[in-house]
Amino acid sequence: MTMISVNEFKNGLTVKYNNDLWRIVEFQHVKPGKGGAFVRSKLKSLRSGAVQEYTFRSTAKVETAEIETKSMQYLYNDGSSYVFMDTTTYDQLAIPNEQIGDEANYLLENMVVNVIMHDGETLGIQLPNTVDLKVAKTEPNIKGDTSSGGGKPATMETGLVVNVPFFINEGDVLTINTTDGTYVSRANK
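Under the UniProt record's numbering, the first residue of the sequence shown carries the number 1, and numbering increases by one thereafter.
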């Protein structure tokens with residue numbers, strides 16, 4: 001159990017606060033002309049995924065949380081949970097659908113992801129920054145319609161709908177940003 005001052009906050013640091021585990025998304029040191037300094041922060045719950053804003057006095061201390069990440073391979077979904085396998089011990093771990101949430105839109109069988117754990121409790125998964133997904137369905141390209149600079153919706157093989165440029169066709173493999181679900185480029189395959 002390590003206590004740190006809120007003045008030592010860093011983006012990505014995990015802390016225990018209000019009986020929950022939080023990852024620091026962003027923070028700002030504020031020194032008003034009158035009164036004491038404080039730290040305004042945005043924290044994301046590792047259990048629920050909710051993002052909340054908290055304000056701490058500059059003298060406050062919080063407990064850091066030791067988070068363990070394990071590299072595991074996604075095997076399949078059995079209807080109620082996603083099953084992952086530890087690539088070194090071959091142990092399997094089932095994570096309920098609700099805990100995976102929207103990240104399921106980026107999961108492909110045999111994909112390796114980091115499973116986040118704390119004191120034996122599975123908190124969720126950490127995806128790579130980008131994934132390559134195949135376009136399952138999209139409207140055909142209309143000649144001469146590229147000058148508008150817009151895009152069209154495309155449904156990926158996982159069910160994710162992404163806005164893509166007009167020149168993208170069904171069967172193309174695209175690189176998708178996992179943080180905001182946007183098209184990055186055609187995959188080099």
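Glycine is no exception: its CB is placed at the ideal position from the N, C-alpha and C atoms.
Every value quoted in this text rests on a predicted model; they were computed, and no experiment measured them.
DSSP links residue 56 through a beta bridge to 39. The DSSP assignment places 97-100 as complete runs of the alpha helix (DSSP H) inside the segment 39-109, in order along the chain (cut-off: 4 residues). Where residue 123 is concerned, the enclosing beta strand (DSSP E) starts and stops at 121-126.
For residue 172, no beta strand (DSSP E) encloses it, and the DSSP letter there is neither H nor E. Cβ-Cβ distances below 8 Å link residue 62 to 3, 4, 6, 15, 16, 17 and 56 in the same chain, with the five nearest sequence neighbours on each side left out; the list follows chain order. Assignment of residue 7 by DSSP, reduced to helix, strand and coil, places it in the helix class. According to the DSSP assignment, residue 27 belongs to the beta strand (DSSP E) that extends over 20-30. Residue pairing for residue 155: DSSP places it in a beta bridge opposite 137 and 161. Judged by DSSP secondary structure, residue 114 falls within the beta strand (DSSP E) whose first and last residues are 112-118. Residue 88 and residue 31 have their alpha carbons spaced roughly 49 Å apart.
Excluding the 5 residues flanking it on each side, residue 93 has same chain C-beta neighbours closer than 6 Å at 84, in chain order.
Here residue 180 carries a coil assignment [DSSP, helix/strand/coil]. Residue 131 places its beta carbon less than 8 Å from that of residue 178.
DSSP places residue 16 inside the beta strand (DSSP E), whose first and last residues are 14-17. By alpha-carbon distance to residue 128, the top candidate from 117, 46 and 105 is 105. In this structure, residue 46 sits near residue 124, with a CB-CB distance shorter than 8 Å.
The C-beta separation of residue 174 from residue 135 comes to about 6 Å, placing the pair in contact by the 8 Å criterion.
In the DSSP assignment, residue 130 forms a beta bridge with 177.
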